[in-house]
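Student:
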Amino acid sequence: MNAKPSLFRVLLVEDELADAHLIRLAFEENNLLVDLRHVNDGVEAFRFLRRESGYAEETSPDLILLDLNMPRMNGLTFLEKIKQETAFRHIPVVVLTTSDSESDILRSYDLGASGYVVKPVDIDDFIHQVKTLEDYWITLVRHPHKPG
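Letter by letter, the sequence shown follows residues 1 to 148 of the working numbering.
(1) Report back the beta-carbon spacing between Leu22 and Phe126 to the nearest angstrom; my notes put them in contact at under 8 Å.
(2) Check whether the segment 120 to 137 touches the segment 101 to 108, taking contact to mean three or more Cβ pairs, one atom from each stretch, closer than 8 Å.
(3) Which runs of the beta strand (DSSP E) at least 3 residues long sit entirely within the segment 5 to 47? Give them in chain order.
(4) Which ranges does the alpha helix (DSSP H) cover as unbroken runs of at least 4 residues, wholly within the segment 89 to 147, from first to last along the chain?
(5) Which residues bound the beta strand (DSSP E) around Leu76?
(6) Thinking C-beta only, is Glu29 closer than 9 Å to Lys131?
(7) From which residue to which residue does the beta strand (DSSP E) around Leu68 run?
(8) Using a Cβ-Cβ cutoff of less than 6 Å, which residues in the same chain neighbour Arg89 once the five nearest sequence positions on both sides are dropped?
(9) Using the beta-carbon count (16 or more within 10 Å), is Tyr136 buried or exposed?
(10) Can you tell which of Val95, Asp122, Ala56, Arg50 has its C-alpha closest to the C-alpha of Val13?
(11) Say yes only if the C-beta of Ile123 is nearer than 8 Å to one or more non-hydrogen atoms of the ligand SAM, and no if none qualify.
(12) From Arg9 to Asp62, what distance separates their C-alpha atoms?
(13) Spatial neighbours of Met1 within its chain, please: CB distance less than 6 Å, with the 5 preceding and 5 following residues excluded, ordered by chain position.
(14) Got a sec? Which residues, its chain only, sit under 7 Å from Ser114 by beta carbon, not counting five neighbours each side?
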């Protein structure tokens, strides 16, 4: 009996709707089994992860793509808090942001980021970058088995 392939779950934490749309398009172009969920900031991301406030049916993501510059709870604060929680610290978090600041890069890695990618200005380059992230995290990297 062949098992049905499971969807690779990605949580996108991004307040810019245009960037979220481009990321979704890039994932769709590769035709891989990706379940992309989008929230607008770190506060909403924690609600998603904890299955609160309308997220009761959601499952834990296999990867989090995280913007840094967001309202309410920025990416660095979210990263610091998620890596302190035993239930979530195993989830890889890739920072995907416009900031090319060395201090943001260093701080992100110090807080446990699995990667740091600067969003390019060119749309085609942006889509290519997302496809490269997808190829790496979905096809190349081995993830721990999740029960259930």
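For glycine and all other residues, C-beta sits at the position ideal for the given N, C-alpha and C.
Tutor: Walking through what the data contain:
(1) Taking the first residue of the sequence shown as position 1, residue 22 is located at position 22. Taking the first residue of the sequence shown as position 1, residue 126 is located at position 126. Correct: roughly 6 Å between the Cβ atoms.
(2) no
(3) 8 to 13, 34 to 39
(4) 102 to 110, 123 to 134
(5) As a working note, residue 76 is residue 76 in the sequence shown. Careful: Leu76 lies outside any beta strand (DSSP E), inside the alpha helix (DSSP H) at 75 to 82.
(6) What you label residue 131 is simply residue 131 of the sequence shown in a count that begins at 1. What you label residue 29 is simply residue 29 of the sequence shown in a count that begins at 1. Against a cut-off of 9 Å, the Cβ pair of Glu29 and Lys131 comes out as a contact.
(7) On the sequence shown, position 68 is the one that residue 68 refers to. No beta strand (DSSP E) contains Leu68, which DSSP labels as neither H nor E.
(8) One-based indexing of the sequence shown puts residue 89 at position 89. Lys83, listed in sequence order.
(9) Taking the first residue of the sequence shown as 1, we reach residue 136 at position 136. Looking at its Cβ environment, which holds fewer than 16 other Cβ atoms inside 10 Å, Tyr136 is exposed.
(10) In the sequence shown, the residue the question calls residue 13 occupies position 13. For the residues Val95, Asp122, Ala56, Arg50, the minimum Cα distance to Val13 belongs to Val95.
(11) The ligand SAM is absent from the structure shown, which contains no ligands of any kind.
(12) Translated into the one-based positions of the sequence shown, residue 9 becomes position 9. Translated into the one-based positions of the sequence shown, residue 62 becomes position 62. Each residue's Cα considered, the two are about 5 Å apart.
(13) Position 1 of the sequence shown, counting from 1, holds the residue named residue 1. Because the pLDDT of Met1 is 41, which lies under 50, any placement of that residue in the model is unreliable, and the number read from its coordinates should be weighed accordingly. Hits under 6 Å: none found.
(14) As a working note, residue 114 is residue 114 in the sequence shown. Hits under 7 Å: Pro92, Val93, Val94.
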